[in-house]
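Protein chains in written order, with our numbering: chain S, 4 to 576; chain W, 1386 to 1473.
Presented below is the structure to which this report refers.
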C-alpha cells in the first residue's frame, strides 16, 4: 500500500489526532434564502429582533467561555458582544434598509463586509484576519437568527472525527463536542487566529493554513494531523496509521494524567514542593481555580471591583467578595492585592460619586493624603474577611486560622512605601477593634515589580512576610528588546530569590513567566517556591514542575545567568 | 473637555480583550469619547472603530472626552488601560 498524501500546514494547537474526516459545511450554504425585502419598517424590525437573539446567544457563549477559558480568551467573545451593539454594523445595516430598500440579510451582509474591509485597511497584517473572522462570526449569528435557525446545527457524530473546514469561527470552536472531535484541519486561518487561540486553550489539536484541504480531503478519509509541526497525512498506510495512533494515545494519556493529578501537589523529582496557585480577578475565577487544583490564590487583583462603577464598593461589599473567594479555596491561602495605587502615569483615578478621586500621587503606593479612606476601607474589608466575618459582620462558616489570608501591596518602590502601607493596615485593624468588629490576622507581602525594589530587596524583606514577583511589569520597566530583557528579568528574579532565601521568606512569581514551560525550571532552580498562573493553566504548570529536578535546574540557571552572550548575538544585557 | 495620553502595553496591542474592556467602559459614560492614535481616530464606543485603529504595543493612545462627566470618563478609561497593562 502506498504511503499517505502529505500536506504541510501551520501548527495551530499542539496535539496528535488521527481519525475519519468530517467535512464542515460552509456557513450559510445550507438554505440561506435571499429574502425579498419586505416593508422597510418590517425589515428593520426583523433585523433588530435578530440582533437581540444573537446578543443573547453571544452572552451565553461569554458565560460558558468564562468557565473554560482564561480571561484574555473570553475577551474575544466580549468583543463580539460589543460588535452586535456597534453603530457601524447593525446601525449601518438599518440605514441601508431605509435608504436602499434592501432586505435585512442583504443589508447586514453588506455592512459586515464594509466593517471587515475597514479593519483590513487599517491593520494590513496578519492580526486583522482574527478581527475580520469575529465580524463574520457575529454576522453569521444574526443571519441565523433572521432565518430563525437555531444556529449552525452542530453535526452529531456517532464516532470521533477529525473536522476539516475552510475556516472555523471562534463560536464554532467553543460549541464543538469535545468527546467526538479529535482535531481540526482548516484551509484558512493561522496560529494567530482567534479560532487557533481557542483550540489551544481547549487542548484541541489543530492545523491551519492547509491549502485546498476541503477539495483534497473527502468525507471519511482517514486523516492524521500533528498540531505542533503542522504535518497532515491523508490516507496513511497501516504501519504509518498505527504509529500516529500510538502517538495520539500517549498524548491523551499525558492529558488525562494531567487532569487526574491536577489536585495533587507539584513535587520536583528531587522532592521539593512547589506551590502552583492561580491569578484571578473575580470570584467566578476562584471556582475555576479550585476546580483546576490550584494550591491557593497567588494574586487576587481587586481593581476589577473598582472599575467602571458610579460609586466605590464599600467595606461590606468588598468583605463579602473577599470572603467568597476565601471560602471557595479554604483552607488554601489567598493573596489579596490592594489597589494598584502607584501607576507611573499618575492617572489612576476611580470615579467616585461623579467626582474623580486620585488614589495616589506619583509613583509610590503611598496614598495621597485625604484619599486614605479608600485604602482603609479595603484593608478593613480584607481583615474582616480574614476572620470569616460575613457582610453583616457575623462570624462566617470559616473559623480564623483555617485559611491563611495575605495582603499584597503593589508597585512598591522604596522603604517609605512599605512603612506607610503597614501603618495603614495597623490603623485599619485598630478601627475595627474600636468598633468591636471581629477581624482576623493577615500576612503582609510586597509585589516586586519595579527595578528599584529589587535594589532594596534586603531592606524590604525585613518588613514583610513574603514577596511576589510581577515579572510582566519588571520586563516592561527593563529597557531593551525582549531577548535582552528576559535574561535580565531572570537575573532580577535571581537577586530577589537569593535575598528571600537568606531572609527565610517565601518568594512567588505571578507574571506570565510563571506559566512558560521554558522558564519554569529556571524559576524553580532560582528558588522560587510558588508559581501563580491563570486558573486553566494550573494542571499543566504542575505537570511541568514534576519533571524538574531543583538541584539540576539550579546549576542550569546559574550557568545561564553567568554565560557570556555570543559575540554578535543579542546578548543578555 | 478632558484628555489623557496613555502608552499601550497589553502584550499585543489593542486586540479583542483589551479593546472590549475599553469600549464597555466608554459606553458607561454619557459624554462623547474618542481615541486617537497617530492620525487615526475612533469613536470609543464602537468596538469596530477601536479595533480598526490597530494600536500596537508601545504606541500612544490619546483619550479625549467632551461633555458632562468628561473627566470621570477619561479617569475611568485610564484606569481600565492601567489594568489591561498589568495583566497580572
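For each residue, glycine too, the CB sits at the ideal point set by N, CA and C.
Chain S within 8 Å of residue i, Cβ atoms only
{"i": "residue 1401 of chain W", "result": "yes"}
{"i": "residue 1418 of chain W", "result": "no"}
{"i": "residue 1446 of chain W", "result": "no"}
{"i": "residue 1451 of chain W", "result": "no"}
{"i": "residue 1434 of chain W", "result": "yes"}
{"i": "residue 1455 of chain W", "result": "no"}
{"i": "residue 1473 of chain W", "result": "With a pLDDT of 36 at residue 1473 of chain W, under the threshold of 50, the modelled position of that residue is not reliable, and the figure given next carries that caveat. It does; some Cβ of chain S falls within 8 Å."}
{"i": "residue 1439 of chain W", "result": "yes"}
{"i": "residue 1388 of chain W", "result": "no"}
{"i": "residue 1405 of chain W", "result": "yes"}
{"i": "residue 1429 of chain W", "result": "no"}
Coarse secondary structure for residue i, derived from DSSP in three states
{"i": "residue 552 of chain S", "result": "coil"}
{"i": "residue 253 of chain S", "result": "helix"}
{"i": "residue 398 of chain S", "result": "Any answer about residue 398 of chain S is weak, because its pLDDT of 43 lies below 50 and its placement is not dependable; what the coordinates show is given next. Looking at residue 398 of chain S - three-state DSSP - the assignment turns out to be strand."}
{"i": "residue 1422 of chain W", "result": "strand"}
{"i": "residue 283 of chain S", "result": "strand"}
{"i": "residue 566 of chain S", "result": "coil"}
{"i": "residue 134 of chain S", "result": "helix"}
{"i": "residue 160 of chain S", "result": "coil"}
{"i": "residue 271 of chain S", "result": "coil"}
{"i": "residue 189 of chain S", "result": "strand"}
{"i": "residue 577 of chain S", "result": "Beyond the ends of chain S as shown, which are 4 and 576, falls residue 577 of chain S; an answer cannot be given."}
{"i": "residue 106 of chain S", "result": "coil"}
{"i": "residue 92 of chain S", "result": "helix"}
is_contact[residue i, chain W] using C-beta, thresh 8 Å
{"i": "residue 411 of chain S", "result": "no"}
{"i": "residue 85 of chain S", "result": "yes"}
{"i": "residue 298 of chain S", "result": "no"}
{"i": "residue 126 of chain S", "result": "yes"}
{"i": "residue 417 of chain S", "result": "no"}
{"i": "residue 384 of chain S", "result": "no"}
{"i": "residue 137 of chain S", "result": "yes"}
{"i": "residue 240 of chain S", "result": "no"}
{"i": "residue 134 of chain S", "result": "yes"}
{"i": "residue 519 of chain S", "result": "no"}
{"i": "residue 81 of chain S", "result": "yes"}
{"i": "residue 121 of chain S", "result": "yes"}
{"i": "residue 404 of chain S", "result": "Per-residue confidence for residue 404 of chain S stands at a pLDDT of 46, beneath the threshold of 50, marking its modelled position as unreliable; the derived number appears in the next sentence. No, residue 404 of chain S lies away from the interface with chain W (no Cβ there is under 8 Å from its Cβ)."}
{"i": "residue 90 of chain S", "result": "yes"}
Close Cβ partners of residue i (< 6 Å) along its chain, the five nearest in sequence each way excluded
{"i": "residue 466 of chain S", "result": "421"}
{"i": "residue 27 of chain S", "result": "166, 168"}
{"i": "residue 183 of chain S", "result": "160, 163"}
{"i": "residue 1452 of chain W", "result": "1416, 1417"}
{"i": "residue 1388 of chain W", "result": "1449"}
{"i": "residue 237 of chain S", "result": "7, 8, 220, 224, 226"}
{"i": "residue 446 of chain S", "result": "409, 468"}
{"i": "residue 239 of chain S", "result": "7, 227"}
{"i": "residue 268 of chain S", "result": "276"}
{"i": "residue 406 of chain S", "result": "329, 333, 334"}
{"i": "residue 279 of chain S", "result": "269, 298, 534, 541, 544, 545"}
{"i": "residue 380 of chain S", "result": "318"}
Selected residue, minimal CA-CA separation from residue i, among the options
{"i": "residue 22 of chain S", "options": "S:167, S:553, S:112", "result": "S:167"}
{"i": "residue 415 of chain S", "options": "S:376, S:7, S:342, S:436", "result": "S:342"}
{"i": "residue 544 of chain S", "options": "S:206, S:444, S:493, S:297", "result": "S:297"}
{"i": "residue 175 of chain S", "options": "S:41, S:139, S:232, S:229", "result": "S:139"}
{"i": "residue 192 of chain S", "options": "S:514, S:134, S:125", "result": "S:134"}
{"i": "residue 322 of chain S", "options": "S:107, S:387, S:108, S:211", "result": "S:387"}
{"i": "residue 330 of chain S", "options": "S:317, S:389, S:531", "result": "S:389"}
{"i": "residue 428 of chain S", "options": "S:340, S:512, S:477, S:502", "result": "S:340"}
{"i": "residue 1442 of chain W", "options": "W:1399, W:1461, W:1434", "result": "W:1399"}
{"i": "residue 2 of chain S", "options": "S:206, S:231, S:208, S:190", "result": "The question about residue 2 of chain S has no answer here: the residues shown for chain S are numbered 4 through 576."}
{"i": "residue 54 of chain S", "options": "S:195, S:146, S:522, S:101", "result": "S:146"}
{"i": "residue 49 of chain S", "options": "S:423, S:118, S:149", "result": "S:149"}
{"i": "residue 537 of chain S", "options": "S:284, S:418, S:470, S:381", "result": "S:284"}
{"i": "residue 1409 of chain W", "options": "W:1447, W:1429, W:1455", "result": "W:1429"}
{"i": "residue 503 of chain S", "options": "S:518, S:515, S:531, S:517", "result": "S:531"}
Chain-order list of residues whose beta-carbon lies under 8 Å from that of residue i (same chain, five-residue window excluded)
{"i": "residue 76 of chain S", "result": "68, 200, 201, 204"}
{"i": "residue 65 of chain S", "result": "77, 80, 81, 84"}
Neighbourhood of residue i by C-beta, 7 Å cutoff - its chain only, sequence neighbours within 5 removed
{"i": "residue 247 of chain S", "result": "19, 21, 227, 239"}
{"i": "residue 233 of chain S", "result": "11, 12, 13, 14, 210"}
{"i": "residue 547 of chain S", "result": "520, 523"}
3 or more residues per run - each beta strand (DSSP E) lying fully within the region 313-347 of chain S: Fully contained in the region 313-347 of chain S are the following beta strand (DSSP E) runs of length 3 or more, in chain order: 337-340.
Suppose only complete runs of 4+ residues qualify. What are the alpha helix (DSSP H) ranges in the region 1388-1453 of chain W, listed by chain order? Runs of the alpha helix (DSSP H) inside the region 1388-1453 of chain W: 1401-1412, 1432-1437.
To test your reading of the DSSP string, which unbroken alpha helix (DSSP H) runs of 4 or more residues are found completely within the region 519-551 of chain S? As far as the region 519-551 of chain S is concerned, its whole alpha helix (DSSP H) runs of at least 4 residues are 523-528, 541-548.
Report the residue ranges of all beta strand (DSSP E) runs contained in full by the region 201-264 of chain S; include only those spanning at least 3 residues, in chain order. Runs found: 209-211, 225-229, 234-237.
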